[in-house]
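Residue numbers (this note's numbering), protein chains in the order written: chain A, 13 to 186; chain B, 34 to 593. Cβ coordinates follow ideal geometry from the N, Cα and C atoms, glycine included. Note that the coordinates shown come from a computational prediction; the quantities given were computed from them, not determined experimentally.
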């Protein structure tokens, strides 16, 4: 079973991320068994049918607006945010908005071009689950990559993981 | 100046460890070139024509002598004995080896320095007024605010991968000396009618391919809210800035596309959620940071030192230097000294290891142990007694650091250009040196008076050519290096973007072109009129005529 990082631990995961190829329309729904993240377009097309299905998540691409999912967050167990390229930083803001603006408590998963040197930032922005592309890292490499979650022990600014900035957290001597 | 506490120190130490491991993984083949590139750039490391280039952060241009000696040591031990001051007040090393960079970073960390976010699509080093704290026209010292923003922006997790680089500048004086109108965010410190401190906020300024002057998004953001307000701007930009085209990815393009009113609406809608939240600045934090920027123990002195006046009268060369490179200080009997890095025999902004050590020695002896770097690529000793100026001058002169041309035609702002930079279309240093050689006569330079000549080797505009009174831009025409000339640009309160005068020139023509422009100015100028004022009054036509000749101008007009 493929491994990913959840809450700072390496765990087995069998959720599937459903990606439609060009020939598939969102309306033609055939969901695999078990936990799955469906594209936003599929969710919109089949919301009524999919609402409340156990293990159902929705994934958003970096150009898709989390605000459009805000009202549906109670119906799904997770949101996956795609990084088409690791240099596309929009999903950091999307994750932060999901946690702070929309109060989403479910899983937020980083998918796509997810690399260990960005784990620290992802965690700070509210991603609890980090899923590098299949085959990108061996289990041993992913185990070693857990260290990157600890790159900085005491960051300056507030973020999702630490809602107070350092100047409110610590007594700093002048 | 700001000194690290254990938190600051830990962050830079952890950065060294992180980058050491990233470099190790890159060299071991575990990171691809594409994966390593943004990581090294966010640590100021470019791969250049000859070797990597490492850009070291100098937050708001302020340095201690200990730091300057460390930079001299790095130049000597890891480089070729010199370094270069950039137009964003940073230091660049042009010849380190990739393998040595983690060690250099460890050396820097030992003196509270780093290379964090000196490049890459993130919030860059925050720049400011090089005369902060000592200028007579200052309303509010910008340095504590710069430091607060430095800490906020360092490793901000949401804004590490913006559409493009993001530059913030802060000014707190009547005269803008931080080019705030040409920054992604320009902050002007001010007081409201109740006397409370806040910021006028400009957004969407910048140079580069599409030079744009920033627009006011707020005329007063109270200081408590400056972090949340900046975060709101950054979040709108991070989500909606263009990522499909590198040339259209800066915030200025987004602001233009939406219009400032709509952009402001989006920012304020975002801000409504975070305003007053935990990132609201506290009095205690501002006091803590502000306490680092204390007023030095100035002596009580007469406003005019008698010996200084005698020395000027007795020594014409000293008098000339004081006329240009010594500026008024807010405290009686003190002066601001501009240490010129415009020796015509060197690249503008270059400084050697031994010169740095000389400046450090002088700062320790005469200027409270502090040194500033300017965006105009000089150094500054900000607190020199008038009675010490002669001694300082003699020592600067013997180290070739007293070229008496501050603010004159040969005090050229110049990017490293094609000699070093792999982005450049053309060389810029030889053009600067050729112009400096042409205009070496000091009396002539003094007669020309205040003028700013800026040179960039490509559209990225590191040499600030758009805001030069005379701007020179290196362009590529069928693989050859050509130079386009613009006039009428200006930094400061009356910031303007220069206009191109016509067809571009070959490198060897450039000194003649500048001579012709200066000749036109001398013929056209009215009593007491500076170059930029003449250009504004007459427009470009007389200059075009002087440079291209009547026949060529006529022909252009007919073809137009």
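- Just so you know, the alpha carbons of residue 445/B and residue 590/B end up roughly 32 Å apart.
- For residue 324/B, there is no enclosing beta strand (DSSP E), as DSSP gives it neither H nor E.
- Between the alpha carbons of residue 55/B and residue 362/B lies a distance of about 46 Å.
- Within the stretch 117 to 143 of chain B, complete alpha helix (DSSP H) segments of at least 4 residues are found at 134 to 142, given in chain order.
- Using a 10 angstroms sphere on the CB of residue 450/B, the tally of other CB atoms reaches 16 or more, which defines it as buried.
- Counted as a single uninterrupted DSSP element, the alpha helix (DSSP H) harbouring residue 98/B occupies residues 98 to 111.
- Selection 70/A, 164/A and 74/A evaluated against residue 89/A yields 70/A as nearest (Cα-Cα).
- Pairing residue 123/B with residue 29/A, the inter-Cα distance amounts to about 45 Å.
- Residues of chain B with a Cβ closer than 9 Å to the Cβ of residue 165/A are, in chain order, 43, 44 and 47.
- Taking the beta carbon of residue 207/B as reference, no residue of chain A falls within 7 Å; the closest one sits roughly 29 Å away.
- Close partners of residue 185/B in chain A (Cβ separation under 8 Å): 168, 169 and 177.
- Of the residues 240/B, 223/B, 386/B and 495/B, the one whose Cα lies closest to the Cα of residue 410/B is 495/B.
- Between residue 481/B and residue 550/B, the C-beta spacing is not below 8 Å.
- Taking the Cα of residue 284/B as reference, the smallest distance to any Cα among 592/B, 155/B, 477/B and 190/B is reached at 155/B.
- For residue 95/A, the uninterrupted beta strand (DSSP E) run begins and ends at 90 to 95, by DSSP.
- Under the three-state reduction of DSSP output, residue 460/B falls in the coil class, being neither helix nor strand.
- The criterion of a C-beta distance shorter than 8 Å is satisfied by residue 94/A and residue 103/A.
- With a cut-off of 8 Å on Cβ pairs, the stretch 177 to 185 of chain B is not in contact with the stretch 129 to 139 of chain B, counting fewer than three such pairs.
- Per DSSP, the continuous beta strand (DSSP E) segment holding residue 361/B begins and ends at 359 to 361.
- Beta-bridge pairing by DSSP links residue 509/B to 514/B.
- In summary, residue 375/B is buried, with 16 or more beta-carbon neighbours lying within 10 Å of its beta-carbon over all protein chains present.
- The residue from 84/B, 571/B and 143/B with its alpha-carbon nearest to that of residue 132/B is 84/B.
- In this structure the stretch 285 to 300 of chain B does not touch the stretch 316 to 336 of chain B; the number of beta carbon pairs closer than 8 Å is below three.
- For residue 71/B against residue 170/A, the beta-carbon gap comes to about 24 Å, at or over 8 Å, which does not count as contact.
- Of the candidates 182/B, 355/B and 219/B, the residue whose Cα lies closest to the Cα of residue 257/B is 182/B.
- In chain order, 184 and 185 make up the part of chain A whose C-beta sits under 8 Å from the C-beta of residue 38/B.
- Distance from the CA of residue 119/B to the CA of residue 92/A, rounded to the nearest whole angstrom, comes to 42 Å.
- Taking C-beta atoms under 8 Å as the contact rule, residue 160/B and residue 94/B qualify, at a distance of about 7 Å.
- Any Cβ of chain B closer than 8 Å to the Cβ of residue 115/A would place that residue at the interface, and such an atom is absent.
- With fewer than 16 other Cβ atoms from the protein chains shown falling within 10 Å of its own Cβ, residue 559/B counts as exposed.
- Against chain A, a Cβ distance below 9 Å from residue 145/B picks out nothing, because the smallest value is about 15 Å.
- The C-beta distance from residue 478/B to residue 443/B rounds to 6 Å, short enough to meet the 8 Å contact threshold.
- In chain order, 179 make up the part of chain A whose C-beta sits under 7 Å from the C-beta of residue 318/B.
- Listed along the chain, the chain B residues whose CB falls inside 9 Å of the CB of residue 108/A are 190, 191 and 268.
- The beta carbon of residue 95/B sits no closer than 8 Å to any beta carbon of chain A.
- Straight through space, the alpha carbons of residue 582/B and residue 287/B are spaced by roughly 41 Å.
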